[in-house]
Amino acid sequence: MSSTDESPTEALIQYLRADEMLGVRDIPIRLPERAVPGSPRLPQKSAEEVADRDERLGALDAEHVKSCAKCSLSETRTKTVFGQGSSAAALMFVGEAPGFDEDRQGLAFVGKAGQLLSKMIVAMGLKREDVYICNVLKCRPPNNRDPAADEIAACCPYLYEQIGIIEPSIIVALGAPAARTLLQSKQGIGRLRGRLHDFFASGIEGVGPAIPLMPTYHPAYLLRSPGEKGKAWSDLQAVMERLGLPMPKK
Ligand code: URA
Ligand code: SF4
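Residues in the sequence shown are numbered consecutively from 36, following this note's numbering.
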């Protein structure tokens, strides 16, 4: 299906979803996520490829992350939070670290910030199951303090492995710690966001294939500063365009 043969209902739902994400209106009824069932035009992977990725991700979690004690966060965590979603995802979101709810449940982005992330995903015309969601750190820093440099250094090889297994077409880095880690930059998120960067899975600038990466504001920041949601939405629209997803009507 191309963006030109979208039904009016589909376009209307996407328009309302974007308004809901932006906080322009609360939609009192439960809208179907998409009028037309099934994922929009995202690169598809074969069942064998998906099974292979699931197995490799599962092994990384079970054999390395769940028992990890490479940094002191292992002493205070309740559960590790590996990340979840489709191992065949074309789009991957990377946040900072588990918070209170994530640490309890062992799942990424399930608290208040996660609810806004869900709205952002749905506004893009996708479902959470279509994408992959994880964090730079797999364990919660006490009282949600900022991740320390040594914790990021200890943990980010897991993230690089996840990216290497999933091979997403595009990555969205949510907030400064994720953007700075993946781009090896010291710039603020306000400077980094708004344009696509090259992420090198090799960890070395210019070496190996690059994956486009869009830094944007973290949903927890957007909850505190709702006036910035429009900028985040324009970042996500650039990601949609890059993925060839149907764009909301202007
Ligand atoms: N904030 C994050 O960065 N990640 C989560 O999983 C939850 C909140
Ligand atoms: Fe290991 Fe990462 Fe947890 Fe530290 S934060 S203990 S490196 S999984």
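Where is the CB? At the ideal position from N, CA and C, for every residue including glycine.
If you're wondering where the values come from, they're calculated on a predicted model, not measured in any experiment.
Boundaries of the beta strand (DSSP E) harbouring residue 250: 245-251, taken from the DSSP string. Within the region 168-254, the complete beta strand (DSSP E) runs of at least 3 residues fall at 205-209, 232-235, 245-251. Collapsing the DSSP output to three states places residue 129 in a strand. For residue 208, the closest alpha carbon among the candidates 183, 174, 86, 169 is that of 169. In this structure, the beta-carbon distance from residue 114 to residue 96 does not fall below 8 Å.
In this structure residue 159 touches residue 275 by the C-beta definition: roughly 5 Å separates them, less than 8 Å. The residue among 125, 105, 111 with its C-alpha nearest the C-alpha of residue 205 is 125. Under the Cβ criterion (8 Å, minimum of three pairs), the region 179-199 does not count as touching the region 141-148. In the three-state reduction of the DSSP assignment, residue 146 falls in the coil class, being assigned neither a helical nor a strand state. Near the ligand SF4, meaning a beta-carbon closer than 6 Å to one of its heavy atoms, we find 100, 103, 104, 105, 106, 108, 109, 115, 172, 173, 174, 186, 189, 190. Residue 202 and residue 44 have their alpha carbons spaced roughly 33 Å apart.
Around the beta carbon of residue 219, fewer than 16 other beta carbons sit within 10 angstroms, so the residue counts as exposed. Taking non-hydrogen atoms of the ligand URA into account, the C-beta of residue 149 is found less than 7 Å away from one of them.
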